[in-house]
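Asker: Input: one structure, supplied below.
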Amino acid sequence: ETSLWEAVPSFLRRLDATLAAKGGALPLDATPVRLASWMGGDRDGNPNVTAAVTRETVAAQRRMAAGLLLVELDALRTDLSVRECNEEVAALAEKAGVADEAPYKAVLDGLVQRLRATIAWADRELSTEEAVADWPKESRNSLASSFGRLSTLEGKKGGARPLFDEAELLEPLKALHASLLERGFDEWANGRLVDAIRRVGAFGLQLAPLDVRQESTRHANAVDALRAFTGNYAAGSYLALSEDEKVAWLAAELEAGRPLLRRGQFDAFVESGFDDAVDRDVLKTCAVVAEAPPGSFG
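Written as structure tokens, this is what we have:
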């Protein structure tokens, strides 16, 4: 957030200028740079990277991304005070429910409220007992204070929902850009707004989606225990299968359209069905991945 946040749009501007010199252009929705991270996701050989740590890392990164985007959109609200817009932006402004004669500002106000709600969501995720125990005190304080603790803002101004889907931020920004170009405001269209769009393209709402890694034997042990818990398979039966047989069984289960265990059964099994804490954490991590906002993982 201290270097790449500024460097990526700067690089993309230079790339666009280079293409323009050759008679081309970098499409607005092009994403030649996408970030990812293994920190908080790669547990191969590191017992300290648990399901709780992965869950907290997702929340911490989303909080940071929302805060950085808040700064950008707040500046855009000041820049884009014009009233002339196309029908799409007029409709977005009305949908945002923000009474303002400047339609661009109204759309951005709605997005700002949702980013604040995202920060509030992340604050709650990072305020759980597990998070408080796992994160160093100085890290928690930094996360909570970088852009101000905004959890009290959720529920005000129409009860904004957190932004979890990248398209819900990207599409309105692209609509603003198209409207500005249509109305002849090229300088505003191709200024800070383009950088904001390209930042969303590069960083998304996760800042850097996580790679979740674990040594494959751990996965096999966890699946074997899961099968045995159903009562339909003997312990060790999955481990005895060939690779092709394992793939065939897993594919059949995924296509079956029903869970191997109901969620209540799964939770009870994860808490009590393992002697090995690492194998238990494999399934806890699977639950975190399933429940996390879209785009959290690479």
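Each residue of the sequence shown is one higher than the one before, starting from 1 at the first, in the numbering used here. Don't be surprised by glycine CBs; every beta carbon is placed ideally from N, CA and C. Computed from a prediction, not measured in an experiment: that's the story for all the values here.
1) Go ahead and pull the three-state DSSP assignment for D281.
2) Express the C-alpha separation of H177 and N190 in angstroms, rounding to a whole number.
3) Taking the C-alpha atoms as reference points, what is the distance between V53 and G97?
4) Classify M64 as buried or exposed, calling it buried when 16 or more other Cβ atoms lie within 10 Å of its own Cβ.
5) Considering only residues of the same chain and omitting the five flanking positions on each side of A268, which have a CB-CB separation below 6 Å?
6) In chain order, which continuous runs of the alpha helix (DSSP H) of length 4 or greater are located wholly inside the stretch 145-233?
7) Below 8 Å CB to CB, which residues in the same chain sit around W5 once its five sequence neighbours on both sides are set aside?
8) Measure the alpha-carbon distance for A225 versus H219 and round it to whole angstroms.
9) Going by C-alpha to C-alpha distance, which of L261, A290, D165 and T50 sits closest to L214?
10) What's the call for E309, buried or exposed, on a 16-neighbour Cβ count within 10 Å?
11) Counting only runs that start and end within the stretch 3-53, where is the alpha helix (DSSP H) found for 4 or more residues in a row?
12) Going along the chain, which residues of its own chain have a beta-carbon closer than 6 Å to the beta-carbon of N221, five neighbours each way excluded?
13) Is the Cβ-Cβ distance between P162 and F297 less than 8 Å?
14) Could you please give the first and the last residue of the uninterrupted alpha helix (DSSP H) stretch that includes P103?
15) How about the stretch 237-249 and the stretch 14-24: do they share at least three Cβ pairs that are nearer than 8 Å?
16) According to DSSP, what are the bridge partners of F269?
17) Am I right that A58 and A292 are in contact with their C-beta atoms under 8 Å? What's the rounded C-beta distance?
18) If you draw a straight line from the alpha carbon of A90 to that of G41, how long is it in whole angstroms?
19) Using only CA atoms, which one of V8, L35, S37 and L12 lies nearest to A25?
20) I need the straight-line Cα distance from G236 to L126, nearest angstrom please.
21) By the DSSP assignment, the alpha helix (DSSP H) with E314 in it spans what residues?
22) Who are the near neighbours of E72 in its chain, counting only those whose CB is closer than 6 Å to its CB and skipping five residues on each side?
23) Residues in its own chain within less than 7 Å of V107 by CB, not counting five upstream and five downstream?
24) Among residues of its own chain, excluding the 5 on either side of L170, which ones have a beta-carbon nearer than 6 Å to its beta-carbon?
Answerer: According to the structure shown:
1) Correct three-state label for D281: helix.
2) Their backbone Cα atoms lie some 8 Å apart in a straight line.
3) CA-CA distance, V53 to G97, rounds to 37 Å.
4) Answer is buried; the Cβ neighbour count reaches 16.
5) Counting only Cβ-Cβ distances below 6 Å, and skipping sequence neighbours, we find nothing.
6) As far as the stretch 145-233 is concerned, its whole alpha helix (DSSP H) runs of at least 4 residues are 166-182, 186-189, 192-203 and 216-229.
7) These residues qualify, in order along the chain: L68, R199 and F203.
8) The alpha-carbon atoms of A225 and H219 are separated by roughly 10 Å.
9) The displayed chain sequence assigns Gln, not Leu, to residue 214. Answer by Cα proximity: T50.
10) Given that the chain is displayed from residue 1 to residue 298, the structure contains no residue 309 and the question cannot be resolved.
11) If we require 4 residues or more, the alpha helix (DSSP H) runs fully inside the stretch 3-53 come out as 4-21.
12) Taken in chain order, the residues that qualify are D279.
13) No, Cβ-Cβ distance for P162 and F297 is not below 8 Å.
14) Following the DSSP letters along the chain, one finds P103 inside the alpha helix (DSSP H) bounded by residues P103 to L126.
15) The stretch 237-249 vs the stretch 14-24: no contact.
16) DSSP, once it has assigned bridges, lists no residue as partnering F269.
17) One detail in the question is off: residue 58 reads as Val in this sequence, not Ala. Indeed, because the Cβ distance is near 5 Å, the residues count as touching under 8 Å.
18) If I take the Cα positions, the gap works out to 42 Å.
19) Answer by Cα proximity: L12.
20) Going by the C-alpha atoms only, they are around 38 Å apart.
21) Beyond the ends of the chain as shown, which are 1 and 298, falls residue 314; an answer cannot be given.
22) These residues qualify, in order along the chain: A196.
23) These residues qualify, in order along the chain: V89, L92, A93, A96, P172 and L176.
24) Hits under 6 Å: V200.
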